[in-house]
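4 protein chains.
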Amino acid sequence: MIKDNEFIKSKNVPGPTKEEIRALIIAKSEASKKDVVMDIGCGTGGISCEIAKIAKKVIAIDKNPEAIEITGKNLKKFNLQDKVELIEDEAVAGLKSIHTINLAIIGGSNNQMNEIIDLIDEKLVYNGKIIVTAILIETKVQALNKLKNLGYNTEIIEVNISKGRFIRNKTMMLAQNPIAIITAIKLD
Amino acid sequence: MIKDNEFIKSKNVPGPTKEEIRALIIAKSEASKKDVVMDIGCGTGGISCEIAKIAKKVIAIDKNPEAIEITGKNLKKFNLQDKVELIEDEAVAGLKSIHTINLAIIGGSNNQMNEIIDLIDEKLVYNGKIIVTAILIETKVQALNKLKNLGYNTEIIEVNISKGRFIRNKTMMLAQNPIAIITAIKLD
Amino acid sequence: MIKDNEFIKSKNVPGPTKEEIRALIIAKSEASKKDVVMDIGCGTGGISCEIAKIAKKVIAIDKNPEAIEITGKNLKKFNLQDKVELIEDEAVAGLKSIHTINLAIIGGSNNQMNEIIDLIDEKLVYNGKIIVTAILIETKVQALNKLKNLGYNTEIIEVNISKGRFIRNKTMMLAQNPIAIITAIKLD
Amino acid sequence: MIKDNEFIKSKNVPGPTKEEIRALIIAKSEASKKDVVMDIGCGTGGISCEIAKIAKKVIAIDKNPEAIEITGKNLKKFNLQDKVELIEDEAVAGLKSIHTINLAIIGGSNNQMNEIIDLIDEKLVYNGKIIVTAILIETKVQALNKLKNLGYNTEIIEVNISKGRFIRNKTMMLAQNPIAIITAIKLD
Ligand SMILES: Nc1ncnc2c1ncn2[C@@H]1O[C@H](CSCC[C@H](N)C(=O)O)[C@@H](O)[C@H]1O
Ligand SMILES: Nc1ncnc2c1ncn2[C@@H]1O[C@H](CSCC[C@H](N)C(=O)O)[C@@H](O)[C@H]1O
Ligand SMILES: Nc1ncnc2c1ncn2[C@@H]1O[C@H](CSCC[C@H](N)C(=O)O)[C@@H](O)[C@H]1O
Ligand SMILES: Nc1ncnc2c1ncn2[C@@H]1O[C@H](CSCC[C@H](N)C(=O)O)[C@@H](O)[C@H]1O
Chain A
1 MIKDNEFIKS KNVPGPTKEE IRALIIAKSE ASKKDVVMDI GCGTGGISCE IAKIAKKVIA
61 IDKNPEAIEI TGKNLKKFNL QDKVELIEDE AVAGLKSIHT INLAIIGGSN NQMNEIIDLI
121 DEKLVYNGKI IVTAILIETK VQALNKLKNL GYNTEIIEVN ISKGRFIRNK TMMLAQNPIA
181 IITAIKLD
Chain B
1 MIKDNEFIKS KNVPGPTKEE IRALIIAKSE ASKKDVVMDI GCGTGGISCE IAKIAKKVIA
61 IDKNPEAIEI TGKNLKKFNL QDKVELIEDE AVAGLKSIHT INLAIIGGSN NQMNEIIDLI
121 DEKLVYNGKI IVTAILIETK VQALNKLKNL GYNTEIIEVN ISKGRFIRNK TMMLAQNPIA
181 IITAIKLD
Chain C
1 MIKDNEFIKS KNVPGPTKEE IRALIIAKSE ASKKDVVMDI GCGTGGISCE IAKIAKKVIA
61 IDKNPEAIEI TGKNLKKFNL QDKVELIEDE AVAGLKSIHT INLAIIGGSN NQMNEIIDLI
121 DEKLVYNGKI IVTAILIETK VQALNKLKNL GYNTEIIEVN ISKGRFIRNK TMMLAQNPIA
181 IITAIKLD
Chain D
1 MIKDNEFIKS KNVPGPTKEE IRALIIAKSE ASKKDVVMDI GCGTGGISCE IAKIAKKVIA
61 IDKNPEAIEI TGKNLKKFNL QDKVELIEDE AVAGLKSIHT INLAIIGGSN NQMNEIIDLI
121 DEKLVYNGKI IVTAILIETK VQALNKLKNL GYNTEIIEVN ISKGRFIRNK TMMLAQNPIA
181 IITAIKLD
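Residue numbers (full-length UniProt numbering), protein chains in the order written: chain A, 1 to 188; chain B, 1 to 188; chain C, 1 to 188; chain D, 1 to 188.
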């Protein structure tokens, strides 16, 4: 994984998703070089960069122009820009023009989780996956219900990680905020 | 419990120990109105204030003059000053002049955990308790080993708590750093 | 707190709520000897016993006859039966006959969270508290929304505790399942 | 990652390391197809199988004959046996005959952490990595100190993961025991 502090950041754009969470998302995604992947709410580009190292193509979307800019910069920094298409738009609008995808990772939804998932579902191949990361407990429950209702094979994990900071030969553990990772497979 | 933000704070003094951790310490301590209690490394006075509401007498010690000052202010704020003796000293030095105690809570030790526990052990009644809170993993192991070696009946819990912050009708969980609470009873 | 293993248990009745969670609930409740308290879904009696040590009166309700029986046994074991009224009923039905209360603790709701909270709200004094413990993420969100909608001053914490088991001089931390504690104050 | 329940298990052999922890270890290891990797204390083969999918060669060692047997079975099940050499021996003894390695993952040490790390250090290339997973708090501190003392660039994370179990349309989070992952790079 790229280290958290290697990403170019902007104070108005959330992310990057912490290294360990990116690792878990990538592992859960089982992405391969044949996959066309959407990163919805790409923010700083944390997920887009990791997925671009693996997949055939990444489509990264964010409604915030600064997020698109900063994601672009990070893709360039890690020399991954050729694989990634950047769309500055609301997810719901942007998803309309998308064709078949194998995997979608939702990192931001802003109260439109249901609509976003419905639109992804239309484009997603069978056995394709939707992964949702949620830091809001309401989002977590909403995404889980939506995916279960669509008949997806759904899993949820909640991750609490703390990282050691060395202080004069001793180690203080600093907590990262809890985050849920929902992994859902579209069954045929 | 007193709310975290009700305490007068100083930027050079750690604490107060978070409300939930204070609640767990008080519960584990089973302190009663007959008890003489030491608060070693009283910091902002978080523990001293809570214990003073219950115990007969509290002796609060800290090597940092500012900690003693701020603990004094907090005790006054909550009208608990009459029950608490404040000692500005290194724990090891200050403990020498102490007589019998029923309970000691160690919130700071600065590499002198073993010496501090040995000195407490000399003053502690049978069935008395030593409680250690540790945010450093090395301190945790050291205190645990020391207390087990002294033959105390020892328990350790590790606490990870996150607290909701309401953001536009949604709830984000903010993690507090993990902390260990060691509870040890002196057997006769 | 009463230790977990001191409670009489029955395999068909959940509980007792773990010692540390009971401690946090009691602390959050700020129960005093003037309070009339309802324990809704009393299960094994873990909460009823702790609250009975503090409050003026406890009304414990459970729809499961075995829960009422086992709570009764535990109250007797700790000599707290005089303070506790046991009601074998659905919470929604049983709450109808209740008069003024100062505090309600909801440990089980079975899909009737909204109705239960509405009924409690009718009986609860101003500045009274409702505490909900939730192990299901949907219940957590539902209770939180309901209490916020009723205008209560609401807090949520999520607790992850692990406890050391000593194995040949070493310490393995065993995780307890995460639980949310929602504390809500009725404002006037 | 291979799902936890896809591994052949034996009741006398610990493991497999949970899916999410395997994912984090693999990510932290940054293993590539050029690497010769040791899996020390291979247990059920959870780590050996994952690493064998990536690395050039894996040397798996365990002192428990049953662990070697079960690891062998799992390697065969996932058709990875050609890449893995199995050694049934104490780590300290078995490490003597090893040549250059690029990565070592320690999943079991049984009080010989220091000796094991010293031996690995002799065989490990510069910029090679040692990863230690520890469920015992004493092991965690010991490995951390040892690696820091050897001058390795060392990181520690503590992972608490819970996983949803769906119960009648609701979701209960079940906690996995906390585990530390120490990642150390040999500097030149
Ligand atoms: N409805 C919507 N359409 C498009 N973008 C959205 C959106 N709702 C939220 N977002 C975007 O989602 C992002 C969430 S932050 C994502 C961080 C990212 N995973 C990383 O690793 O860097 C924000 O940048 C926000 O602008
Ligand atoms: N050897 C020692 N002797 C006395 N005080 C010590 C000490 N080592 C650390 N301390 C003190 O321990 C304190 C730890 S912070 C304690 C916070 C406190 N429990 C609260 O709730 O406010 C610091 O103020 C530090 O000065
Ligand atoms: N609608 C309802 N009315 C009454 N009891 C209910 C209920 N829904 C669930 N319960 C009860 O809630 C209990 C939850 S378990 C509670 C454990 C308890 N706090 C302890 O410490 O022992 C169960 O016994 C269940 O029978
Ligand atoms: N000194 C030592 N030498 C060799 N093996 C050891 C050892 N100390 C412990 N072990 C082994 O370490 C293993 C730890 S369990 C490891 C589980 C493994 N990571 C998996 O995913 O399946 C046990 O099988 C134990 O026999």
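Virtual Cβ for every residue (Gly too), placed ideally from N, Cα, C.
With a minimum length of 4 residues, the unbroken runs of alpha helix (DSSP H) contained wholly in the region 106-173 of chain C fall at 113-123 and 137-149. Minimum Cα-Cα distance from G94/A among the listed residues G164/A, I61/A and E19/A corresponds to I61/A. Per the coordinates, the alpha-carbon of M173/B lies some 37 Å from the alpha-carbon of G128/D. Nearest to V58/C by C-alpha distance, out of I25/C, V37/C, S10/C and V159/C, is V37/C. Secondary-structure assignment with DSSP links A184/C through a beta bridge to I130/C and T154/C.
Annotated as distal: I54/C and R22/C, with beta-carbon spacing of 9 Å or more. Spanning the alpha carbons of K123/B and K18/A requires a straight line of approximately 48 Å.
Fewer than three beta-carbon pairs drawn from the region 133-142 of chain A and the region 66-74 of chain A are found closer than 8 Å, and the two stretches are therefore not classed as touching.
Inclusion of V125/C and A180/C in the CB contact set at 9 Å is not warranted, their separation being larger than that value. Listed in chain order, the non-local C-beta contacts of I8/A below 8 Å within the same chain comprise T44, I70, K73, N74 and K77, local neighbours out to five positions each way being set aside. Within the model, the alpha-carbon separation for N153/A versus I130/A is close to 10 Å.
A straight line joining the alpha-carbon of I120/B with that of D4/B spans about 28 Å. Judged by the Cβ position, N111/D fails to qualify as a neighbour of ligand 3 at the 8 Å threshold, every heavy atom of the ligand being at least this far.
In this structure, the CA atom of V13/A is about 16 Å from the CA atom of E6/A. Ligand 1 never approaches D118/A closely enough for any of its heavy atoms to be under 8 Å from the residue's Cβ. A distance criterion of 8 Å places the beta-carbon of R22/A in contact range of ligand 1, judged by its closest non-hydrogen atom. Sixteen is the threshold: since fewer than 16 other Cβ atoms of the shown chains lie within 10 Å of the Cβ of L187/A, the residue is exposed.
Contact with chain C is found for V141/A, since one of that chain's Cβ atoms lies less than 9 Å from the residue's Cβ. Put simply, the backbone Cα of K163/C is about 21 Å away from that of L150/B. Apart from sequence neighbours up to five positions away, the residues of its chain that approach I157/C with a beta-carbon distance below 6 Å are I181, ordered along the chain. In this structure, DSSP gives A55/A a state outside helix and strand, which the three-state scheme calls coil. For E90/A, the closest of I101/A, P65/A and C49/A by C-alpha to C-alpha distance is P65/A. M172/B reaches chain A at I135, L136, I137 and N177, counting residues in chain order whose Cβ is nearer than 9 Å. In this structure I106/B touches G41/B by the C-beta definition: roughly 7 Å separates them, less than 8 Å. DSSP places V36/D inside the beta strand (DSSP E), whose first and last residues are V36 to I40.
One Cα belongs to S29/B, the other to A27/D, and the distance between them is close to 42 Å.
For a cut-off of 8 Å, the C-beta gap from L147/D to A184/D is around 4 Å, short enough to register as a contact.
Taking 8 Å as the cut-off, one finds no heavy atom of ligand 2 near enough to the beta carbon of P16/C. Only buried fits I51/D, as 16 or more other CB atoms lie within 10 angstroms of its CB.
Residue environment analysis places I25/C among the buried positions, since at least 16 neighbouring C-beta atoms fall within 10 angstroms of its C-beta. Using a Cβ distance threshold of 9 Å, A143/D and I161/D do not count as a contacting pair. Legend: CB atoms of the region 151-169 of chain A lying less than 9 Å from CB atoms of chain D belong to residues T154, E155, I156, I157, E158, V159, N160, I161, S162, K163, G164, F166 and N169.
Ranked by Cα distance from N169/C, the options N110/D, M1/D, E20/D and A175/D are led by N110/D. Its Cα nearest to that of A67/B, the residue P16/B stands out among I167/B, N79/B, P16/B and N145/B. Linking K34/C to K56/C through their CA atoms gives a straight-line distance of about 5 Å. Each residue's CA atom was taken as its position, placing L86/A and T100/A some 17 Å apart.
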